[in-house]
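Visitor:
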Amino acid sequence: IGNCAYNTKDYSHAAEYYTHVIMGKVKKYQPIATFAKGLSFYQIGKFRDAIDSWEALLEHFPEFERRRETLYWLGSAYLNLHKQKLAVSYFNQLKGNNQFYPKALIQLAQYWFSQQSWKNALNVLEQFLKLYPSHPYTGFAKGMMGEIYFNLKNYKEASKWLSIALKDHYAV
12 IGNCAYNTKD YSHAAEYYTH VIMGKVKKYQ PIATFAKGLS FYQIGKFRDA IDSWEALLEH
72 FPEFERRRET LYWLGSAYLN LHKQKLAVSY FNQLKGNNQF YPKALIQLAQ YWFSQQSWKN
132 ALNVLEQFLK LYPSHPYTGF AKGMMGEIYF NLKNYKEASK WLSIALKDHY AV
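Residue numbering for the sequence shown follows my numbering, starting at 12 and increasing by one per position.
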């Protein structure tokens, strides 16, 4: 029932249903229900509740099969609360994971961009491009580099990066 509520974007009720599973007698469903409950809270902007769910999940089920995904969501939730150091501590645990670490770096760069912390955003994007020169997000990262240089009024670098991003995007 929780998944039905979640898939119809009824996240509050989904969290309630997942709580019933967590409190129930069938222990094998508790980890995934705890994970899903955290996602439900995240979707409605209850980031602190999402964090509490995921941190409890990692504490009680350290071998949870979706541990890396949980670390990603924890970092994301902390970014939404403007707790960058905690977010980075979770994102750094993803190093070497090609599924979630690139997403974490891009999300961190976007966060710094939204805060107009141009140097921090550039540092993260440079790290991303060094690690993932041919990732699907590479063009986006290059375009963001161009936007940052534009905001820094370094129009020569802005033009360079935006041109590279466009060439990459339209390359056949």
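Don't be surprised by glycine CBs; every beta carbon is placed ideally from N, CA and C.
#1: Starting from the N-terminal side, write out each stretch of the beta strand (DSSP E) that is 3 residues or longer and does not extend beyond the segment 58-100.
#2: So, Gly86 versus Ala61, is the Cβ gap smaller than 9 Å?
#3: Give the single residue among Trp65, Gly154, Lys106 and Arg77 whose Cα lies nearest to the Cα of Ala26.
#4: With DSSP collapsed to three states, give me the class of Phe111.
#5: Using the Cβ count rule (16 or more neighbours within 10 Å means buried), how would you classify Met156?
#6: Assuming contact is defined by CB atoms lying nearer than 9 Å, are Trp4 and Leu82 in contact in what I supplied?
#7: Along the chain, where does the alpha helix (DSSP H) that runs through Asn162 open and close?
Guide: In short:
#1: Counting only unbroken stretches of 3 or more residues, no beta strand (DSSP E) element lies wholly within the segment 58-100.
#2: Position 75 of the sequence shown holds residue 86. Position 50 of the sequence shown holds residue 61. Result no, Cβ atoms of Gly86 and Ala61 do not sit closer than 9 Å.
#3: Within the sequence shown, residue 26 is the residue found at index 15, counting from 1. For the residues Trp65, Gly154, Lys106 and Arg77, the minimum Cα distance to Ala26 belongs to Trp65.
#4: As a position in the sequence shown, residue 111 is number 100, starting the count at 1. Here Phe111 sits in coil by DSSP.
#5: Here residue 156 is taken as the residue at index 145 of the sequence shown, counted from 1. Per the 10 Å Cβ criterion, buried.
#6: Outside the modelled stretch of the chain, which goes from 12 to 183, sits residue 4, for which no answer is possible.
#7: Mapped onto the sequence shown, residue 162 falls at position 151. Run containing Asn162: Thr149 to Asn162, per the alpha helix (DSSP H) assignment.
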